[in-house]
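Engineer: I have a structure here, written as structure tokens, and I will follow up with some questions on it.
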Amino acid sequence: MNKKILITDDEPHIRMLLEQTLEDLEDYDVEFFLAENGEEALAIIEEERPALVLLDVMMPKMNGFEVCRIVKQDWALDDVFIIMLTAKGQEYDKEKGKEVGADMYITKPFNPDEIMAHAVRVLGIDMD
């Protein structure tokens, strides 16, 4: 089972927070990758094929919607589960996220327990 997670956000403190939120998963051989913009994220997705991508919407160089569209539509990587993270909770953004193929949409500030629960489920980890 692929146990790779890519955390993509242009805010260093958000990347760190997400990594800290999920660090217990390292005990289950989960590998983490970090990207600070969309171009970097795409390069890592192409090379590493993470099972889970936590993807910020508003980023320099290429936004999360564009990254998601390329991964889900152009590359047809259905095995990459994408959770869009955004400060915007507007319906428009959620609709756009669905359009480009996002598997889930979480609004910041997010609940760390919710992020962990989704990661455990997507990666098929039994923490009991």
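Residue 2 in numbering that gives the first Met the number 0 sits at position 3 of the sequence shown, with consecutive numbering throughout.
Here a beta-carbon is modelled for each residue, glycine too, at the ideal position from N, C-alpha and C.
Source: prediction; values computed, not measured.
Where does Met-83 fall in DSSP's three states?
Structural biologist: Residue mapping note: residue 83 aligns to position 84 of the sequence shown, counting from 1. Here Met-83 sits in strand by DSSP.
Engineer: Straight-line CA distance for Met-115 to Thr-20?
Structural biologist: Taking the sequence shown and counting its residues from 1, the one referred to as residue 115 is at position 116. Taking the sequence shown and counting its residues from 1, the one referred to as residue 20 is at position 21. When rounded, the distance between both Cα atoms is 7 Å.
Engineer: Pair every Cβ in the segment 62 to 73 with every Cβ in the segment 24 to 42, then say whether three or more of these pairs are closer than 8 Å.
Structural biologist: Cβ pair count under 8 Å is three or more, so yes.
Engineer: Look at the Cβ atom of Leu-24, then the Cβ atom of Ile-124, and state whether they are nearer than 8 Å.
Structural biologist: The residue labelled residue 24 in the question sits at position 25 within the sequence shown. The residue labelled residue 124 in the question sits at position 125 within the sequence shown. Yes, these two residues count as a Cβ contact at 8 Å.
Engineer: Cβ atoms of Thr-85 and Leu-60: under 8 Å apart, would you say?
Structural biologist: On the sequence shown, residue 60 is found 61 positions in, with the first residue counted as 1. On the sequence shown, residue 85 is found 86 positions in, with the first residue counted as 1. For the sequence presented, residue 60 should be read as Lys rather than Leu. No, the Cβ-Cβ distance between Lys-60 and Thr-85 is not below 8 Å.
Engineer: Taking the straight line between their C-alpha atoms, what separation do you get for Lys-3 and Asp-28?
Structural biologist: The residue labelled residue 3 in the question sits at position 4 within the sequence shown. The residue labelled residue 28 in the question sits at position 29 within the sequence shown. Cα to Cα, the separation comes out at about 9 Å.
Engineer: Applying the 10 Å Cβ sphere with the 16-neighbour rule, what's the burial state of Asp-55?
Structural biologist: Residue mapping note: residue 55 aligns to position 56 of the sequence shown, counting from 1. Per the 10 Å Cβ criterion, buried.
Engineer: When burial is assigned at 16 or more other CB atoms within 10 Å of the CB, is Met-126 buried or exposed?
Structural biologist: Against the sequence shown, residue 126 aligns to sequence position 127. The residue in question, Met-126, is exposed, as its Cβ has fewer than 16 Cβ neighbours within 10 Å.
Engineer: Give, in chain order, every unbroken run of the alpha helix (DSSP H) that is at least 4 residues long and sits entirely within the segment 38 to 89.
Structural biologist: Whole alpha helix (DSSP H) segments, 4+ residues: 63 to 68.
Engineer: State the beta-bridge partners of Lys-3 as determined by DSSP.
Structural biologist: For the purposes of this step, residue 3 is taken as the residue at position 4 of the sequence shown. DSSP output for Lys-3 lists Glu-30 as bridge partner(s).
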